[in-house]
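**Student:**
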Amino acid sequence: MADGVRDIVLREMAPDELILIETIHATAFGRDEEARLPHAIISAGHDVISVVAVDGDYFVGHALFTALEGAEKALALGPVAIVPDRQGEGIGARLVRHGLDLAQQRGWRSVFVLGDPAFYGRLGFRANLAKGAIVPWAGPNFQALELVPGALAGWAGMLVYPDAFGANDEQD
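For the sequence shown, the tail end lands on 172 under the UniProt record's numbering, and the numbers increase by one without skipping.
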């Protein structure tokens, strides 16, 4: 198992690989909503970092980072998916770290995620850093990571996700 993880290539997704990405999300989540989300975001032309984990010819994971409005140079992380037969091998953490490294190199200042605090906490995400964000899903599972120390210090306000996330549908 460890040898297979070392052989995995982490890289940015090529435009013609979007259909493969949808398949990863559909198999990982067992429903179409998450499978359609990356396609909707990417095809709408949003500023994204889309990274894949590839083992030989087999795509085993995908993570999407999407530009947000609100906090300066902020990204949303998600969805993140690993095919079921490769979950639990550390691929997801490596894939997210790879995307975070690219984001930092490209001048992004912070990343927000809605997800399991146990998993994302190991990667440096903290709920207290996201407390200033006004979003429909605020709470302990909504977390942030500063790519630039102090990037979210004193910041509070509306965090606007692309329409594909359905955030506008959730608000009353």
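Here a beta-carbon is modelled for each residue, glycine too, at the ideal position from N, C-alpha and C. This structure is a prediction, so every number in the text was calculated from the model and none was measured.
(1) Mind the definition here: the region 47-58 touches the region 26-37 only if three or more C-beta pairs lie below 8 Å; say whether that holds.
(2) How should Arg11 be labelled, buried or exposed, when 16 other C-beta atoms within 10 angstroms of its C-beta is the threshold for buried?
(3) Since Leu75 and Trp108 should fall inside the 8 Å C-beta cutoff, what is the C-beta to C-beta distance between them, to a whole number of angstroms?
(4) According to DSSP, which residues form a beta bridge with Tyr58?
(5) Quick one: residues in its chain with C-beta nearer than 8 Å to the C-beta of Met13, no 5 flanking neighbours on either side, listed in chain order?
(6) What residue range does the beta strand (DSSP E) around Ala144 cover?
(7) Along the beta strand (DSSP E) that carries Phe119, what are the first and last residues, could you check?
(8) Arg97 and Leu123 - do their beta-carbons sit closer together than 8 Å?
(9) With DSSP as the reference, identify every bridge partner of residue 191, one or two as the case may be.
(10) Under a three-way DSSP split, which group does Gly90 fall into?
(11) Should residue 173 go down as buried or exposed, given a rule of 16 or more other Cβ atoms within 10 Å for buried?
(12) Exposed or buried, which one is Pro79 when buried takes at least 16 other CB atoms within 10 Å?
**Tutor:** So, to answer that:
(1) no
(2) exposed
(3) 5 Å
(4) Asp55
(5) Ile21, Ser50, Val51, Val52, His62
(6) 142-146
(7) Phe119 -> not in any beta strand (DSSP E); alpha helix (DSSP H) instead, spanning 117-122.
(8) yes
(9) A question about residue 191 goes unanswered here, because the residues of the chain that appear run from 1 up to 172.
(10) coil
(11) Residue 173 is absent from the structure shown; the chain starts at 1 and stops at 172.
(12) buried
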